[in-house]
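Read the structure below first, then the notes.
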Amino acid sequence: MFYDIREVESESLSINIDNGIVERPRAIHFHSKCFRVLKNGFWGTFEGLVSDSEGLRNAERNVIGEGSAEIFELKSSGRYEFRAKVDPRDVSIEEKLELLREISNRIQANSKRIGYIESFKRFEYRDSIGNEVRYTVPRIGVSIVAIGKGERLQFLSKRLMKPGGWEKLDGIFELVEEVNETLPRLLKARSPPSGEMNVLMDQELAGVFIHEAFGHAVEADHVLQGASVLGEKLGKRIAGENVTIVDDPTIEEFGFFPFDDEGVMAKKKVLVENGVLKSYLHSKETAKKLGGYPGNARSDGVAFPVVRMSNTYLCRGDLKFEELLELCRNGVFLIGSRGGETNPATGYFQFSAQYGYIVKNGEISDMIRDVSLSGNLDILKNLELGKEVAFDPGFCGKAYQTVPVADGAPVTLCRAKVGGA
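Position in the sequence shown (first residue = 1) + 73 = our numbering.
Shown next as structure tokens:
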């Protein structure tokens with residue numbers, strides 16, 4: 074019989090200012106344990122802040138049958154503390170509100186909402202193999218949503234989120250300036266063209282494409298369920314030779330973690346190398362079934378861990394932005410993301426950009442609004458890549474759980490269908 078025990082304690086604070094009005098700050102303290110027992114191929118679980126012996130007894134009682142579950146067993150022990158230069162918990166509410174009010178006052182928009190989040194997570198793990206893990210990680214972030222009114226409403230969103238402390242917010246006013254420069258022009262922007270064409274995606278939109286359209290398709294639980302277009306594609310070419318895609322929780326971006334929620338030490342994983350699919354993302358259970366390596370089992374609190382991404386990115390190429398524009402020649406340059414939809418089983422995707430520009434004769438021309446692009450994973454076979462990767466933070470939802478992630482890419486040229494959003 075295998076068992077593991079996770080103990081999670083977290084403190085979080087969120088503050089929102091809506092059009093200058095401060096909403097009541099929300100502080101949450103969470104502390105609980107999750108006990109898992111694997112017996113006769115079936116998982117039994119129990120959640121509660123009780124002794125280890127009581128929790129394991131209750132989890133074993135919840136083994137209600139026989140199954141086929143097995144796990145990849147490995148040794149992985151250690152401790153890690155992410156040291157923030159300035160612990161957000163040492164910064165007063167008044168100072169936090171002062172920063173948010175200044176952001177709000179500087180934004181020139183008809184409507185604006187500023188959000189602040191901080192969290193501090195303490196994690197402990199131990200199992201029947203003898204592994205023991207402990208770590209602490211703080212996270213912090215500010216989000217901006219600004220709405221302008223012209224003939225129609227247009228909105229822009231920006232966010233800065235990192236692991237670490239108060240010092241990680243140093244670049245927030247650069248985002249404010251971007252909003253103030255872009256929103257007035259967006260109100261005068263034209264409708265987008267439609268049809269299949271050359272598309273330059275900025276780093277944020279290309280990163281969202283990699284996370285949503287590709288990343289979920291390499292989560293091994295989807296593969297086992299027959300819900301991935303990339304099932305049975307290991308070792309096969311799925312992209313151009315210039316395409317390498319990585320998931321790396323050790324990078325200090327928003328998806329950072331030192332150990333996953335099954336106590337496996339974090340490490341960089343090459344998913345696609347020079348166009349060839351090399352690996353799926355795994356938990357201990359999926360790694361045993363498919364022959365991979367675990368390390369991507371993640372949980373929201375003490376829920377049952379499921380296979381998730383961390384910091385997932387498309388590696389850099391060697392083209393300057395001007396060279397990408399010339400290769401694009403005539404098409405569109407799309408910037409930012411408003412979300413969209415994907416289907417890992419088919420590889421189909423549709424995303425909306427925040428705005429964009431017409432590319433005419435290799436030069437940036439008119440601004441466009443309300444624009445979307447769609448296609449499938451075959452797009453990976455014909456990409457041209459810029460030189461600099463940038464990451465965008467966010468929260469990813471799956472199995473009724475939400476975890477922090479980041480996705481990254483260089484400016485990327487592809488061919489896709491474009492239309493109105």
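Think of the CB as a built atom: it goes at the ideal place given N, C-alpha and C, for glycine as much as any other residue.
Buried versus exposed call for residue i [16 or more other C-beta atoms within 10 Å across all chains shown]
i	result
Met452	Reading off the sequence, residue 452 comes out as Ile, not Met. Ile452 comes out buried.
Pro417	buried
Asn369	buried
Arg381	buried
His284	buried
Gly328	buried
Ser445	buried
Val330	Looking at the sequence itself, residue 330 is Phe, so the reference to Val does not match. Phe330 is buried by the Cβ-count criterion.
Phe246	exposed
Glu457	buried
Thr385	buried
Asp163	exposed
Lys342	buried
Gly470	exposed
Glu80	buried
Ala182	buried
Ala100	exposed
Glu269	exposed
Thr475	exposed
Glu277	buried
Gly288	buried
Gly299	exposed
Proximity below 8 Å, CB of residue i to CB of residue j
i	j	result
Asn405	Val272	Before going further, note that residue 405 is Val rather than Asn in the sequence given. Cβ atoms of Val405 and Val272: closer than 8 Å.
Pro322	Ser372	no
Ser425	Arg411	yes
Tyr430	Arg442	no
Ile220	Ser184	yes
Val281	Cys388	no
Gly313	Gly390	no
Arg186	Asn253	no
Pro477	Phe464	no
Gln227	Leu248	no
Gly420	Ala279	no
Glu346	Thr317	yes
Glu205	Ser126	no
Leu472	Val379	Here residue 472 turns out to be Ala, not Leu, going by the sequence shown. In contact: Ala472 and Val379 (Cβ atoms closer than 8 Å).
Glu146	Ile202	yes
Lys106	Gly128	yes
Lys231	Glu250	no
Lys309	Val337	no
Lys194	Ser87	no
Leu450	Val302	yes
Lys357	Ile144	yes
Lys362	Leu259	no
Asp439	Arg225	no
Ile434	Arg488	Residue identity differs from the one stated: residue 434 is Asn in this sequence, not Ile. No, they are not a contact pair.
Ala376	Pro367	no
Ile180	Ile217	yes
Tyr130	Arg207	Reading off the sequence, residue 130 comes out as Arg, not Tyr. It is not a contact, given that the beta carbons lie outside the stated cut-off.
Option nearest residue i by Cα separation, candidates the options
i	options	result
Ser447	Ser124, Gly492, Gly128, Trp239	Gly492
Arg97	Glu167, Pro331, Asp480	Glu167
Asp91	Gly374, Thr415, Tyr76, Glu175	Glu175
Gly93	Thr385, Phe155, Gly188	Gly188
Phe103	Phe115, Ser192, Gly140	Ser192
Glu414	Tyr208, Gln423, Glu305	Gln423
Asp243	Ala376, Thr359, Arg130, Lys158	Lys158
Val462	Leu392, Leu303, Tyr76	Leu392
Met274	Ile408, Leu86, Leu259, Arg99	Ile408
Met74	Val95, Ala132, Ser85	Ala132
Phe155	Thr359, Ala142, Asn434, Thr209	Thr209
Glu325	Gly481, Asn434, Pro367, Phe377	Gly481
Leu495	Glu436, Ala494, Gly365	Nothing can be reported for residue 495, as the shown portion of the chain is limited to 74 through 494.
Ser141	Asn434, Phe115, Ser124	Phe115
Val432	Pro266, Ile311, Gly374	Pro266
- Query: Do the segment 188-206 and the segment 389-400 make contact, defined as three or more Cβ pairs closer than 8 Å?
  - Reply: With a cut-off of 8 Å, the segment 389-400 and the segment 188-206 do not count as touching, because too few Cβ pairs lie within range.
- Query: For the segment 348-361 against the segment 284-300, are there 3 or more C-beta pairs whose distance is under 8 Å?
  - Reply: yes
- Query: Which residue spans inside the segment 171-249 form an unbroken alpha helix (DSSP H) run of at least 4?
  - Reply: none
- Message: Would the segment 225-240 count as touching the segment 116-133 if we require 3 or more Cβ pairs under 8 Å?
- Response: no
- Does the segment 238-249 come close enough to the segment 205-213 that 3 or more CB-CB pairs lie under 8 Å? yes
- Message: Taking contact to mean 3 or more Cβ pairs, one atom from each stretch, closer than 8 Å, check whether the segment 105-115 and the segment 134-142 are in contact.
- Response: Yes, they touch.
- What runs of the alpha helix (DSSP H), each 4 residues or longer, lie entirely inside the segment 349-425? The qualifying runs are 357-363, 394-401.
- Query: Curious, which full-length beta strand (DSSP E) runs of at least 3 residues does the segment 74-137 contain?
  - Reply: 75-91, 99-112, 115-120
- Item | Runs of beta strand (DSSP E) wholly within the segment 274-359 (minimum 3 residues, chain order) | 318-320, 342-346
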